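S.K.:
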Amino acid sequence: MEEREPVIKILYENTIRPVNRVLLTFPLSGREKPEQKMLSLTRGHEGKSSIPFRITKVESPIPGLEQYLPADGWFQEISCLAEKIGRMDREEQMKFSGILDCRSISTIGDVLEAADSLQLYECIPGVTCSRELGGYVVENGIMEFPRKVWPYLDYHGIGEEYYASHSCVYTQTGLVVRKEEAPEMEEEHTQGIQLQ
4 MEEREPVIKI
14 LYENTIRPVN
24 RVLLTFPLSG
34 REKPEQKMLS
44 LTRGHEGKSS
54 IPFRITKVES
64 PIPGLEQYLP
74 ADGWFQEISC
84 LAEKIGRMDR
94 EEQMKFSGIL
104 DCRSISTIGD
114 VLEAADSLQL
124 YECIPGVTCS
134 RELGGYVVEN
144 GIMEFPRKVW
154 PYLDYHGIGE
164 EYYASHSCVY
174 TQTGLVVRKE
184 EAPEMEEEHT
194 QGIQLQ
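Just so we're aligned: 196 in the working numbering is position 193 of the sequence shown, and the numbers increase by one with no gaps anywhere.
(1) Going by DSSP in three states, residue 130 sits in which element: helix, strand or coil?
(2) Beta strand (DSSP E) containing residue 177: first to last residue?
(3) Where does residue 28 fall in DSSP's three states?
(4) Quick one: grab the DSSP three-state call for residue 14.
(5) What first and last residue would you give for the beta strand (DSSP E) that runs through residue 201?
(6) Between the C-alpha atoms of residue 103 and residue 123, what's the straight-line distance to the nearest angstrom?
(7) Does the contact criterion of 3 or more C-beta pairs under 8 Å hold for the region 148-159 versus the region 179-187?
(8) Please confirm if the region 27-44 is in contact with the region 65-75, defined as three or more CB-CB distances below 8 Å between the two stretches.
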């Protein structure tokens, strides 16, 4: 079996002295037993029935992923997630990051479901703040204003209003929004964002 490049690296440590650490990489290879590696966290605590541990560091191409990963195992599910992320291109990875922030996520199952829902969302490139969203909404005819008042509009406020009423989130590359809630451009408005 060929070695796969790690997509997710997680550093675990126990929370009582002596502190031990273990690094797990995902996806798992067929022969890896993460539970065996986790036993190293019990070194120096052999008399205890259980040892609390936590995630102290996560490396992943998905910004903010660490807040959605369970610290209490779920290794096969995390491995499955790493495989899904490994098949995504960079644009899809950024969209996935936004989807995680758009949805209600409480379990690793929710994270896996979000990874499978890329087709339900779109990313509007370059829209990374309320001011840019306001400009996009106005200049693409989503909210109509006479062109002569454009220089006087509160683009930030318009963007805030749109953002508050839709399921969307800003990412490093653009606005991620559910397709059913995505702003629809008028036919004649297809140019990029040009803020006054």
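For each residue, glycine too, the CB sits at the ideal point set by N, CA and C.
Remember, it's a predicted structure, so these values are computed and weren't measured experimentally.
M.R.: In brief:
(1) Stepping through the sequence shown from its first residue, residue 130 is reached at position 127. Three-state result, residue 130: coil.
(2) Position 174 of the sequence shown, counting from 1, holds the residue named residue 177. Unbroken beta strand (DSSP E) run through residue 177: 177-181.
(3) By one-based count along the sequence shown, residue 28 stands at place 25. Under the three-state reduction of DSSP, residue 28 is assigned to strand.
(4) For the purposes of this step, residue 14 is taken as residue 11 along the sequence shown, with counting starting at 1. Residue state, collapsed to three classes: strand.
(5) The shown model of the chain, from 4 to 199, leaves out residue 201, and the question about it has no answer.
(6) Position 100 of the sequence shown, counted from the first residue, corresponds to residue 103. Position 120 of the sequence shown, counted from the first residue, corresponds to residue 123. Approximately 13 Å between the Cα atoms of the pair.
(7) no
(8) With the cut-off at 8 Å, the region 27-44 and the region 65-75 do not touch.
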